[in-house]
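In our numbering, the protein residues as written are 14 to 168. Glycine is no exception: its CB is placed at the ideal position from the N, C-alpha and C atoms. Small disclaimer: the values here were computed from a predicted structure and weren't measured.
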Ligand code: IDP
Ligand code: MG
């Protein structure tokens, strides 16, 4: 089953939005299979944001991401990566549609509450920065057969 890396950024923690944001992922039917609070290291922010090195927002972005605790998690489900990105909304809060996490909770460019892997390849790389295979808890949600038809085609 597909997995995505999601990080609730320092602004989400400071604004006490952990519960509200997690509720969006739960309501959608995604399963939290790993979840941890931590502070991001240089190595971790480098890995997450290497494509942005050299851009003018890179240094402020790294400082922001290391400015306080974050909640790092792995979300699992059919098409977890694309579905998560849709739930996040456009990058900037002022452009993100109402109904999305960024659209409902934020106004800023950089302080946009949440990170989500942008492709299955990025998810594989990013998840490996934070979790070992043994960190993913295997369990069944009782509603799972009603949240998604297992006979459904994923292509
Ligand atoms: P994404 O998070 O939607 O994938 P990216 O373009 O990959 O967006 O940018 C990574 C992060 O860098 C964003 O989530 C945001 O926090 C920050 N960021 C991107 N563009 C800007 C900008 O123009 N000004 C300030 N921060 C930015
Ligand atoms: Mg990105």
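At least one heavy atom of the ligand IDP sits closer than 7 angstroms to the Cβ of residue 104. DSSP places residue 61 inside the alpha helix (DSSP H), whose first and last residues are 55-62. DSSP places residue 14 in no alpha helix (DSSP H); its state is neither H nor E. Cα atoms of residue 39 and residue 134: separation of roughly 23 angstroms, rounded to the nearest angstrom.
Here residue 48 is bridged, per DSSP, to 86. Only residues of its own chain outside the window of five on either side were considered, and among them 113, 114, 115, 127, 129 have a CB closer than 7 angstroms to the CB of residue 101, listed in chain order.
The continuous beta strand (DSSP E) containing residue 129 extends over residues 127-129. In the three-state scheme derived from DSSP, where H, G and I count as helix and E and B as strand, residue 140 is classed as helix.
Under the three-state reduction of DSSP output, residue 158 falls in the helix class. Contact between the segment 68-81 and the segment 15-25 is present, with at least three C-beta pairs closer than 8 angstroms. With a contact defined as Cβ atoms closer than 8 angstroms, residue 87 and residue 120 miss out at about 28 angstroms. Residue 113 sits in a strand when the DSSP states are folded into three classes. At a cut-off of 7 angstroms, the beta-carbon of residue 122 counts as near the ligand IDP: some heavy atom of the ligand is closer than that.
Using a Cβ distance threshold of 8 angstroms, residue 77 and residue 123 count as a contacting pair.
Boundaries of the alpha helix (DSSP H) around residue 72: 71-78.
DSSP places residue 21 in the strand class (E or B) of the three-state scheme.
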